[in-house]
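> Each number in our numbering comes from the position in the sequence shown (counting from 1) with 6 added on.
Please read through the structure below; I'll follow up with questions.
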Amino acid sequence: MNNLELFRSIAKNPNGYAEGLKKERGGKIVGYFCSYAPEEIISAAGAVPFRIFGKGDIALADAHLQAYSCSLVRGALEDALSGGLEFLDGVVFPHTCDSIQRLSDIWRMNAGTGFHIDVVLPVKLDADSSKEYMTDVMKKFVRDIEKSLGVSISADSLRACAEKYNRIRKYLKKIFEIRSKNPAVIRSSDVHAIIKASMVMDRDLLLKELASLVEELQKEPEKGKPAGKRIVLAGGICNLPDIYSLIEDSGGDVVWDDFCTGSRYFEGAIDLNGDVVQSIAERYSNRVVCPAKHSGLFPRGEHLVKIAKENNAKGVIFLFLKFCDPHSFDYPYIKEMLDREGIPSMLFEIEEQLPSEGQFKTRCEAFLEML
């Protein structure tokens, strides 16, 4: 499938893709962190949203950060300080965890990547006032991005972009469903590449390629039942494609995930009726929260149990970035909820620049053997 080769190449070198896109057609590219960044609004302003993943080798960033900063924060700042993000016209920082908030301050003073916008989202998403506040935040972001890019966003443009993102998310979810139904049709590492590439590609090209890929995958004949044990992955950001291969080599099959670089990226649709800014805000308020937000004590655990059961998973593997406090705080009660449902789980901490592949494979093999 030629589509897969495109997704793999972009996922392998997203910065190179963005640099090429800039040289080829010009235009604006806006970097962002976190799946709470309102990509629809960035696209409606005529820019390409580009998720910043960071780089592995750290030489400059540690001089600006505490030793306990996670590898995402360190790698992203390193990418900026070393000149790897010079193609960006600006960066958007959603108000999420403490580390990203402090990175925003350091970035503003040191990075030199164009304009800088903080999107101060509500933390508690189940309060009566949170949706109204979220709508106000989105309206302010529209004004901020218009001013920063020197454009005016029309209601029709915003609605068209919202519809485009609904279609993109629908196709991404369909690929996950195809993978869950028949893991032999597409490798989990390729699904990871598709999601990662989707966060940096020109969205019109992305929509075209996703539609073509889904059509091809749906034509694939049913294949024999794979030998791997069905696994769900959970955590924040996962930028290690080799992890998927290691799990498959150890006897597992990743059939779904609960990552912000996975299923949380495409959850929920935007209601195209009524005020589109309010509808965008409602999607971000109503989707399953990440650990940096609050919506009651149990929804995240209930969601993970639901994912595991719906996809007939034999177990859950938690992959947390080292020093990620929000995920660590949530882990005990989520594990307890899985235990009560008889769903085994394993926790493994990773660092993007120092993956402990040997240790992970040993523990993964032991975990899968006991399922």
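All C-beta atoms, glycine included, are put in the ideal place defined by N, C-alpha and C.
Distance, Cα to Cα, R236 vs G32?
Distance between R236 and G32, taken at the CA atoms: about 44 Å.
> Assign M376 to one of two classes, buried (16 or more other C-beta atoms within 10 Å of its C-beta) or exposed (fewer than that).
exposed
> Determine the direct distance from the alpha carbon of F373 to that of E308, and round the result to whole angstroms.
23 Å
> Grouping DSSP H, G and I as helix and E and B as strand, with all else coil, what is F324?
strand
> For R293 and A67, I'd like the C-alpha separation in whole angstroms.
33 Å
> For G268 and I323, which I take to be in contact (beta-carbon distance under 8 Å), what is that distance rounded to the nearest angstrom?
Not quite, the Cβ-Cβ distance comes to about 13 Å (not below 8 Å), so this is no contact.
> Grab me the residues of E46's own chain with a C-beta within less than 6 Å of its C-beta, minus the 5 sequence neighbours each way, in chain order.
Cβ neighbours of E46 beyond the five flanking positions: C167, A168, Y171, I286.
> So, using beta-carbon positions, are V261 and A319 closer together than 8 Å?
Their beta carbons are under 8 Å apart, which means V261 touches A319 by this criterion.
> Where R57 and G120 are concerned, what is the direct C-alpha to C-alpha distance, given to the nearest angstrom?
15 Å
> By how many angstroms is the C-alpha of A50 removed from the C-alpha of S163?
6 Å
> Given D152, which residues of its chain have a CB within under 8 Å of its CB, disregarding the five upstream and five downstream residues?
Inspection of the sequence shows that residue 152 is occupied by Glu rather than by Asp. Same-chain partners within the cutoff: A51, S158, I159.
> Does DSSP classify I340 as helix, strand or coil?
helix
> State the DSSP-derived secondary structure class of I286, mapped to helix, strand or coil.
helix
> Looking at the unbroken beta strand (DSSP E) that takes in H70, where does it start and where does it end?
Per DSSP, H70 belongs to no beta strand (DSSP E) and is neither H nor E.
> Reducing DSSP to helix, strand and coil, say where H333 ends up.
helix
> Using a Cβ-Cβ cut-off of 6 Å (strictly less than) and excluding sequence neighbours within five positions of R185, which residues of its own chain qualify?
I192, V197
> Evaluate K187 with the Cβ neighbour count: other Cβ atoms within 10 Å of its Cβ, from every protein chain shown; 16 or more gives buried, anything less gives exposed.
Counting other Cβ atoms within 10 Å of its Cβ, K187 stays below 16 and is therefore classed as exposed.
> For R80, is the classification buried or exposed, using 16 other Cβ atoms within 10 angstroms of its Cβ as the cut-off for buried?
buried
> Report, in whole angstroms, the separation of the C-beta atoms of I340 and L310, which I expect to be a contact under 8 Å.
Contact between I340 and L310 is confirmed by a C-beta separation of about 6 Å, below the 8 Å threshold.
> For K130, which residues does DSSP report across the bridge?
DSSP lists H300 as partners of K130.
> Give a yes or no on contact between the region 266-281 and the region 106-113, applying the rule of three or more CB pairs nearer than 8 Å.
no
> Would C76 and F329 qualify as a contact pair, given that the criterion is a beta-carbon distance under 8 Å?
yes
> Can you tell which of P338, R289, H300, M144 has its C-alpha closest to the C-alpha of A133?
H300
> Count the other C-beta atoms from every protein chain shown that fall within 10 angstroms of the C-beta of G241, then say buried if there are 16 or more, exposed otherwise.
Per the 10 Å Cβ criterion, buried.
> Based on the DSSP output, what are the partners of M352 in its beta bridges?
I323
> Smallest Cα separation from V54: which of V282, P44, L246?
Out of V282, P44, L246, P44 has the C-alpha closest to the C-alpha of V54.
> Write down the C-beta distance between S204 and L212 rounded to the nearest angstrom, noting that I regard them as a contact closer than 8 Å.
Rounded, the Cβ-Cβ distance is 6 Å, consistent with contact.
> What are the boundary residues of the beta strand (DSSP E) that V157 is part of?
Careful: V157 lies outside any beta strand (DSSP E) and carries neither H nor E.
> Should A298 be labelled buried (16 or more other beta-carbon atoms within 10 Å of its own) or exposed?
buried
> What whole-angstrom Cβ distance do V36 and D95 have, given they're in contact under 8 Å?
6 Å
> In terms of residues, what are the limits of the beta strand (DSSP E) holding L377?
First-last for L377: undefined, no H or E at that position.
> Taking all protein chains shown into account, do 16 or more other C-beta atoms lie within 10 angstroms of the C-beta of N19, making it buried, or fewer, making it exposed?
exposed
> Once you ignore the five residues that flank S154 on each side, which residues in its own chain have a CB closer than 7 Å to its CB?
G96, F121, I123
> Please report the straight-line C-alpha distance between R175 and E226, rounded to a whole angstrom.
21 Å
> Tell me the DSSP secondary structure of G22 in three-state form.
Assignment of G22 by DSSP, reduced to helix, strand and coil, places it in the helix class.
> Three-state secondary structure (DSSP) at H122?
strand
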